[in-house]
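Encoded as C-alpha cells, the structure appears first; notes follow it.
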Amino acid sequence: MKSVFVCCLLFVISSFSLAQQSREAKLQQLKTRTDIKVTEIEKDILKLEHPHGKVLYKNIGDYIPNADNKINYSPTFDSTIIDLTTIDTTLYYHKYSFWQEVLIANIDPNGVIAGDINNNGRAELYGFVKDYTSNYSDIVVKELNNTGSFDSLHIYNNTLSSVAIYDINKDGNQELHLRRQEQDTINNYPLDKQLYFCKESDSSLAYNLSFIFQVPGGSESQLLQRYYDLDDNNSTDILYINNVKRQLRIYQYNSIINNFDSVYSFDYSNIDEWFEGFPIGDFDQDGNTEFFIGGASGQVYGFENNNGSYLNTFIGQVETNNAFLNTETDDIDGNGKKEFWIGGDSFHNGVPITRLTCFEAKGNNSYEAVAKIDILGFFSFYGFNMLALDVDKDGVDELVLCLDQTFIILKFKGSPGQHSYEVYYIKQNERALKGENSVYWNASMYDINSDGQEEILITSDNVIDNSEIIFFTIILKPVKPVNIDGVEYHDLSYELFQNYPNPFNSTTQVKFELQTCSKITLKVYNILGKEIVTLLDNYLLSGKYIVNWEAKDRNNSIPSGIYFIELNTGDFKKTIKTVLLK
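For what it's worth, the working numbering labels the leading residue of the sequence shown as 57, then goes sequentially.
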C-alpha cells in the first residue's frame, strides 16, 4: 500500500477555517439555519429537512469498522491524502474567473438543470427563483441571450424542482423532467409526482405535459438524474431509491401506456438507514450492466442485469459513513478497466474526513478497492455531490466535488495501475469566509456559451438575520490563453533560459519565467541521466525566478563534467546543457 500526501502551500491561514470545524461547531452552525429542520431519529443519525422539499439523513458518529464486512483491497492499493487546510487559493485563480450570478437555483444534488431543448444554441437553466423577500417560485426556465445574461421564458405551474433532461421515449426529442410534491392526506406524508414535458416541434421548448409518474412511498426518495438502458432493450430505465419504504426500485418506460412500469425491487430495511446511488457500467466486462449504491454506515451493494432481471451480486464496504457520493470513471488510470467510486464523510476520532474509494473488477462480479482519496477536514451538511468529467480535455476524467463551502476538481497524476491525485482547481464560498450565513448546495458543469469548455455552476444562498434568504447560481468560466494576431500561446507561458555563467567553476545562476501559477520541478541530471539534485519542487506564482546552483548534489561537491538542468511544469518541459569546469 502506497500513500501520497498532498499539502498545498500556505498563504492564507484562515482560508479553510470553516472546513476544520469540530463536530460540535458544525452542529451549532447547522442549528443557526432556521430554514432547516434537524431531528435526531436515533443516536448520531440526523434527519435534515432542507427548504423546498429536500430531505437527507446523516450519520454524525465516529466511523466504526464493520467486522462482518471486510474491505477487499488490491495488492497495489494506493492512498492519496489531500490537506486543503493549508491551501493558497490564488494558485488556481488563473483557471476560472467569475462570470455572473443568476437568480435561479435547485438545491437537489444534481443542481440547476442545464440544456438546449429548443436547439437554438443558447443554454437554458431550469430551477426555482427565491429572492430575500419573495416566496419560492415554481420551476422557471431562463435562456442565455445575446448579451450574455439570462432571460426568463416560461414558468411551470405547481412544480417543486428540476430533475433531468433526457429523451425518455427515444423519439429524438428531449423531455424535461420536473418534480411536484403533494400531501397524502391518508398517510400524512408528502408524495412525489414526476412530471414529464415534451416539445411541440424541434425548435420549441418542452411546454406540453406528456405524462405524470406517481412515485410510491413518499417524497424521501432519490431519482437518478441521468437515465440508462440497463438491459439494452432500447427502453429507458430509471433507478429510484425509496427511503421511506427503504427499497431500491427500477422502472422501465413503456411506450404503450406512455409511463413507467416497475421491473425490480430490493428491500434494504434491515441493512441501513439510507442509501444513494448510482455508478453504472459494465465494470467486470461480462457484457451485463452493473450499478451500485452506498449507505449511511458505509455499506456498498452491487447489482447486475441478467437477461432483463436483476441480481444482487456484490456486498462490500467503504471506511466511511454517509457513502452517498458516487460516480464512474472511464479507465482513469489507463489499465483497461473502468472504475466506480463510492465516497462519504465521517468523523475519525473526532476529525472530519471526506473519503473517496475507487473500485475495479478483479473477476466476474468480484471487485476490489484500488485507490483511496482522503480530503482532510471536511464533513458536509449542505453541498455533497460528485461527478466525473474530462474537464481539461486530455482524454482522462477529472473528479468534480462540491463539499459544503468548497468546490474542488481533482486530477489523476498516476500511471496504469498506480493511482495518485492532486488538486486541479478549488473555489471557496467567499461569502462564508467573510462571516456571512451562506453555503454551497451543489455544483455541476455545462458548456453554457458553446465554446467547447464547460463552465462551473454552483448553487449557493445567503441568509440575513436567519429569516430572509436568497438562492442563486454562480457561474465561473474557464480562462483561455490570450490570442495575439491569431497566435494562441500555451508553452510560451514558460521559459527556461541558459544558465550563466556557462561553463562555470563553482556557482551558476538558473533563470526561468512563469506567466501563470504552476507546480514546478527544477532538477539536475548527469550525462548518464542520473538525477543529481532537485533544486526546486514547489508551487510558484507567475513571475521571473533565479536559482543559484553551487555545483553540489544534496550534500557534496560534484566532479567536472556535462550536466543537464530540466524545468518541468507538467504541461511544459525544457532541458538545458551546462558544463562544470574546475
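We put the CB at the ideal spot given by N, CA and C, even for glycine.
{"Asked": "Compare the Cα-Cα distances from Phe437 to each of Phe206, Phe339, Val495, Asp517 and report the closest residue.", "Found": "Val495"}
{"Asked": "Does DSSP put Thr515 in a helix, a strand or coil?", "Found": "strand"}
{"Asked": "How long is the line joining the alpha carbons of Gln250 and His233, rounded to whole angstroms?", "Found": "7 Å"}
{"Asked": "Which term fits Glu544, buried or exposed, when burial requires 16 or more other beta carbons within 10 angstroms of its beta carbon?", "Found": "Any reading at Glu544 is ruled out, since the residue's pLDDT is 40, under 50, leaving its predicted position unreliable."}
{"Asked": "Around the C-beta of Gly183, are 16 or more other C-beta atoms found within 10 angstroms, so that it is buried, or is it exposed?", "Found": "buried"}
{"Asked": "If you pair each beta-carbon of the stretch 84-103 with each one of the stretch 357-375, do three or more pairs fall below 8 Å?", "Found": "no"}
{"Asked": "If you reduce the DSSP assignment to three classes, tell me which class Pro335 lands in.", "Found": "strand"}
{"Asked": "Only counting the same chain, and skipping five residues up and downstream in sequence, which positions put a Cβ closer than 7 Å to that of Thr564?", "Found": "Asn555, Tyr556, Pro557, Asn558, Trp605, Thr634"}
{"Asked": "What does the alpha-carbon distance come out to for the pair Ala499 and Ile127?", "Found": "30 Å"}
{"Asked": "Buried or exposed: which applies to Asp134, given that a residue is buried once 16 or more other Cβ atoms fall within 10 Å of its Cβ?", "Found": "buried"}
{"Asked": "Helix, strand or coil: which one does DSSP assign to Pro107?", "Found": "helix"}
{"Asked": "According to DSSP, is Thr146 part of a helix, a strand, or is it coil?", "Found": "helix"}
{"Asked": "Using the Cβ count rule (16 or more neighbours within 10 Å means buried), how would you classify Glu332?", "Found": "buried"}
{"Asked": "Please return the same chain residues whose Cβ sits closer than 6 Å to the Cβ of Tyr320, not counting the five positions on each side in sequence.", "Found": "Ile306, Tyr366"}
{"Asked": "With a CB to CB cut of under 6 Å and the five nearest residues on each side skipped, what residues in its chain are close to Lys186?", "Found": "Tyr192, Phe527"}
{"Asked": "Between Ile221 and Leu261, what straight-line distance do the alpha-carbon atoms span, to the nearest angstrom?", "Found": "11 Å"}
{"Asked": "Is the stretch 99-117 in contact with the stretch 153-168, if contact means three or more CB pairs nearer than 8 Å?", "Found": "yes"}
{"Asked": "Can you say whether Thr383 is buried or exposed, counting buried as having 16 or more other CB atoms within 10 angstroms of its CB?", "Found": "buried"}
{"Asked": "Skipping 5 residues on each side, what residues in its chain have a beta carbon closer than 8 Å to that of Leu637?", "Found": "Pro559, Phe560, Asn561, Ser616"}
{"Asked": "Spatial neighbours of Phe316 within its chain, please: C-beta separation below 8 Å, excluding the five flanking residues on both sides.", "Found": "Phe269, Ile294, Tyr307, Gln308, Tyr309, Asn310"}
{"Asked": "Using the Cα positions of Asn368 and Asp285, report the straight-line distance between them to the nearest angstrom.", "Found": "18 Å"}
{"Asked": "If we ignore side chains and look at the alpha-carbon of each, how far apart do Asp547 and Phe434 end up?", "Found": "Residue placement at Asp547 is poorly supported in this model, since its pLDDT is 39, which falls under 50; the coordinates still yield a value, given next. Cα-Cα distance, rounded: 36 Å."}
{"Asked": "Taking the alpha-carbon positions, what's the Gly419 to Leu623 distance?", "Found": "42 Å"}
{"Asked": "Between Gly350 and Ala379, is the Cβ-Cβ spacing less than 8 Å?", "Found": "yes"}
{"Asked": "Relative to the C-alpha of Phe348, which residue among Gln373, Asp258, His475, Pro408 is closest?", "Found": "Gln373"}
{"Asked": "For Leu83, which three-state DSSP category applies?", "Found": "helix"}
{"Asked": "Just grab the DSSP bridge partners of Asn264 for me.", "Found": "Cys254"}
{"Asked": "Relative to the alpha-carbon of Leu489, which residue among Asp460, Leu591, Tyr324 has its alpha-carbon at the smallest distance?", "Found": "Asp460"}
{"Asked": "For Ile482 and Asn493, what's the separation of their Cα atoms in angstroms?", "Found": "20 Å"}
{"Asked": "How big is the Cα-Cα spacing for Gly439 and Tyr502?", "Found": "18 Å"}
{"Asked": "Residue ranges of each beta strand (DSSP E) run of no fewer than 3 residues wholly in the stretch 360-423, ordered along the chain?", "Found": "365-373, 381-385, 395-404, 407-419"}
{"Asked": "From Tyr263 to Gln230, what distance separates their C-alpha atoms?", "Found": "12 Å"}
{"Asked": "If you draw a straight line from the C-alpha of Gly354 to the C-alpha of Val426, how long is it?", "Found": "17 Å"}
{"Asked": "Roughly how many angstroms separate the alpha carbons of Asn594 and Lys575, rounded to a whole number?", "Found": "6 Å"}
{"Asked": "If you drop the 5 nearest sequence neighbours on each side, which residues of the same chain put their C-beta closer than 6 Å to that of Arg178?", "Found": "Glu199, Leu200"}
{"Asked": "Can you list, in chain order, the residues of its chain whose CB lies under 8 Å from that of Arg411, leaving out five sequence neighbours each side?", "Found": "Val374, Glu375, Thr376, Gly399, Gly400, Asp401, Ser402, Lys428, Ile429, Asp430, Ile431"}
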